[in-house]
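Worksheet: one structure, shown below.
Numbering (our numbering), first residue to last: -9 to 789.
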């Protein structure tokens, strides 16, 4: 055992006379039995922190536990208490960072090493004494009921980060703390997080932050044995439960917004889910159980809001905001902490904990979903994710390896999240997500110096994965990709400053048209695109079908004095990828730095990835390029300066400088090989473009019975007419047809739609759809008031 570089006597002296009479007991590795209801909750929290059902000698856990012990030894040996800090590199007065929270988290790490088996420090009495002395030192120096912390970093240093770590440590070291110390630490928490913080309208008290505050207050009530505090925290959750129609929170369509205008399901939403999971698990079955019926809406969010963005073990970046810019710390070898896969496993761990307070059917279904995700994720397995703590790992492994549990397969279908300008499309063996923006939704997420160059994320970024290319955006994509060439986007090449447009949801376009119509399988989506700090404007549409996405652009113009491009693809090939690009049957050079203008190209195929079809032929530019970047380039808060190099294959339409009325059309075919791509290009009857102008965009695919049209105002395209801005999708199957209508601007109260096709009767219709007439044509009036861009549908019998 390593001897600390400071004696307990010196700590007692530095911490103050209050510690002189302290008697520290030797902690038992097995927590004491509960004496009352508060002890029962405390022991339950301890169990959640430490995990259950694992063997410390199991190789999966042994290394992590040994590492935990080593980290605790390092922290212990480097403690050097002074009047200004407990660790020299974390001076309390350095409020530009998070020294108080970081100090408490180091003490928590030491406490975990003391409580967990197999760390080499389990139950060590002298370690317990050092932890207790450290807690007292921080209390005496800065975190107490009479100290005022600057508000420069309220989350970490005062109100959420610091008290959470402090209270967790108090739970782990409860039997080693005196009653006076416990009372003093609870008083400090009360000082920084008063009950008024849970009032509606309190500063920072919205959505995910509110759940964090409730978690702090509840645990303070448990540690300090205050029924009033626990009840206050429980009741403080109620404002989070109802669906919202603006601002932060969950929306009826499954969207989740934070910072008023930013899609954040995979980051703040995940934090909220995790916080609720801890509280539901803690309070369930106790006299403080959560009985608000709105609780069910949060349980429903697992499948309504989170599962649609998890694919084969990854959580799509489209809803993770500035979290996409967080990579591994300096010294990493692979360049990512887990990225979209690591975030997904965090959500899975929360779902499993939430399942403890769900119905038996939900519990079985959710565990089956998690098992399926983990089994299919070859890119980041539980064994290879160093960021997982032992407790989360034990819960995830239990689900993955449960032989009696049936793994749930990936679903097939389409979801439009109109309240956050996002959509997901799932087909057998591939999935895609689309990121748009509008006056309601920010171009990108920026804040705290994170995601400094995510400017064009909401300019139509189309991300897609095959079931064999799950590392596409995980493998150091964000620090190495050209931020002006995100796949699917149309952008001005105008140079933008880091963090351009403002932070925390500030940069938004003025346009309102973003979204589309879907029947749950296929979809017609579009957006009235605007450029960030640019004169760029135009219209973009995507038609999500069986094995392809049809992509149209029209009316593209700009007067920035710079070039404008529409990016067909910018594929991350990894550190040494040499995937062959075949164009019209001819293999292109695989040398880095190769570029070409492909004139009259009808199709292209990227080996192992997918195919691209250019109806009628098009001039497309291509580039193979090695790009080097570091996480610090895009994240000034915590990014590593270690450089990484990745290879990219880029295809794009060059619209030239200051274009007017430019456009494009192409098909993306994920997973298609050269033969399938060539066959689709040769099949001129597979699809017809009905319109591709600044006023309307539409396609017809006879073999699928699909017609989709985006109207940017009133007009007629083929057999469809709309009286206003609308997205209309029609699917014909045999003698019936389904018509779906949405108002993506979310500004109209109603739309009149005419389908010039003989209709003999109505099979079913949403209450919002009124049939004006059938017969030679179908005329509808669709109520779009307060529908948030959602699709309204009717199914009819064809005449």
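By construction, the Cβ of each residue, glycine as well, lies at the ideal position given by its N, Cα and C atoms.
Annotation for residue 536: 417, 512 and 694 place their beta carbon closer than 8 Å to its own, counting only its chain and skipping 5 residues before and after. Here residue 174 has 129, 134 and 135 as same chain residues with Cβ atoms under 8 Å from its own Cβ, once five neighbours each way along the sequence are excluded.
Between residue 712 and residue 741, the gap from beta carbon to beta carbon is short of 8 Å.
Taking a C-beta distance under 8 Å as the contact criterion, residue 256 and residue 309 qualify as a contact pair. Annotation for residue 154: the continuous alpha helix (DSSP H) segment containing it runs 151 to 162.
For residue 286, the secondary structure class from DSSP, reduced to helix, strand or coil, is helix. Contact check between the segment 395 to 404 and the segment 238 to 254: fewer than three CB pairs, one atom from each, fall below 8 Å, which does not count as touching. Apart from the 5 residues on each side of it in sequence, residue 570 sits with its Cβ closer than 6 Å to the Cβ of 577 and 597 in its chain, given in chain order. Contact check for residue 681 and residue 707: beta-carbon distance about 5 Å, within the 8 Å limit, so the pair qualifies. Residues 482, 548, 645 and 649 of the same chain have their beta carbon placed closer than 6 Å to that of residue 554, with the five preceding and five following residues left out of the count.
Rounded to whole angstroms, the separation of the alpha carbons of residue 300 and residue 443 is 24 Å. Burial of residue 464 is indicated by the presence of at least 16 other C-beta atoms within 10 angstroms of its C-beta. Under the three-state reduction of DSSP, residue 517 is assigned to strand.
Scanning its chain for C-beta atoms nearer than 8 Å, with the 5 sequence neighbours on each side dropped, one finds around residue 759 the residues 731, 770, 771, 772, 773, 782, 783 and 784, in chain order. Classified as buried, residue 58 has 16 or more neighbouring CB atoms from the shown chains inside 10 Å of its CB. Linking residue 55 to residue 382 through their CA atoms gives a straight-line distance of about 13 Å. Residue pairing of residue 542 in beta bridges, as defined by DSSP: 531 and 655. When DSSP states are grouped into helix, strand and coil, residue 741 belongs to the strand group. If one requires a minimum length of 4 residues, the alpha helix (DSSP H) runs lying completely within the segment 306 to 393 are 329 to 344, 350 to 366 and 380 to 390, in chain order. Residue 557 carries a strand assignment under DSSP once its states are collapsed to helix, strand and coil. Pairing residue 421 with residue 626, the inter-Cα distance amounts to about 32 Å.
Residue 51: member of the alpha helix (DSSP H) spanning 49 to 68, first to last residue. Residue 279 counts as exposed, since fewer than 16 other beta carbons sit within 10 angstroms of its beta carbon. CA-to-CA, the gap between residue 544 and residue 634 works out to about 37 Å. Between the C-alpha atoms of residue 397 and residue 359 there is a straight-line separation of about 6 Å. Between the segment 281 to 296 and the segment 227 to 237, the count of Cβ pairs shorter than 8 Å is three or higher; the stretches touch. The criterion of a C-beta distance shorter than 8 Å is satisfied by residue 245 and residue 409.
The alpha helix (DSSP H) runs lying completely inside the segment 185 to 238 and spanning 4 residues or more are 197 to 213 and 217 to 226, given in chain order. Residue 733 is classed as buried because its beta carbon has at least 16 other beta carbons within 10 Å across all chains shown. Here the alpha carbon of residue 457 sits roughly 7 Å from the alpha carbon of residue 302.
Classified as exposed, residue 485 has fewer than 16 neighbouring CB atoms from the shown chains inside 10 Å of its CB.
Inter-segment contact for the segment 206 to 220 and the segment 178 to 197 is present: three or more beta-carbon pairs are separated by less than 8 Å. Here residue 498 is not near residue 41, since their CB atoms are 8 Å or more apart.
Boundaries of the beta strand (DSSP E) around residue 616: 600 to 619.
Here the alpha carbon of residue 72 sits roughly 9 Å from the alpha carbon of residue 127. Distance from the Cα of residue 529 is smallest, within the candidate group 746, 26, 703 and 102, for 703.
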